[in-house]
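Contents: one structure, followed by commentary.
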Amino acid sequence: MNQRVNITLPEETLGLIDRVAEKGDRSRFIDMAIKYYVDAISKAKLKRLLKEGAIARAERDLRMAEEWFTLGVRGMAKRVKSFIRMEL
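Residue numbering for the sequence shown follows my numbering, beginning at 457 and increasing consecutively.
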């Protein structure tokens, strides 16, 4: 359902709208522009939050990766030793 609103825009902005929107189609153009803008802002905010979170957890994640790598190397060494014993 559409609702009528009364907004005030600078003449320059209205001129820009009239250049790209077809005659009588300002409302649809403004609707699309607002949705596009909100979507872009939401994506930028999400990207910023993800980056901040990754930076905040970087040291912890590095420590965890190093611990798991060490465990993996130890496990691999045990498997290699077992394999060598089986071959002998």
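No residue lacks a Cβ here, since even glycine has one placed at the ideal position from N, Cα and C.
Check, Outcome
"DSSP state of D481 mapped onto helix, strand, coil", "coil"
"Distance between Y493 and A512 (C-alpha atoms, nearest Å)", "28 Å"
"Coarse secondary structure for I463, derived from DSSP in three states", "coil"
"I473 beta carbon less than 8 Å from that of I486", "yes"
"Cα-Cα separation, I463 to R482", "12 Å"
"For M444, the three-state DSSP class (helix, strand or coil)", "Because the chain spans 457 through 544 in this model, residue 444 falls outside it and cannot be assessed."
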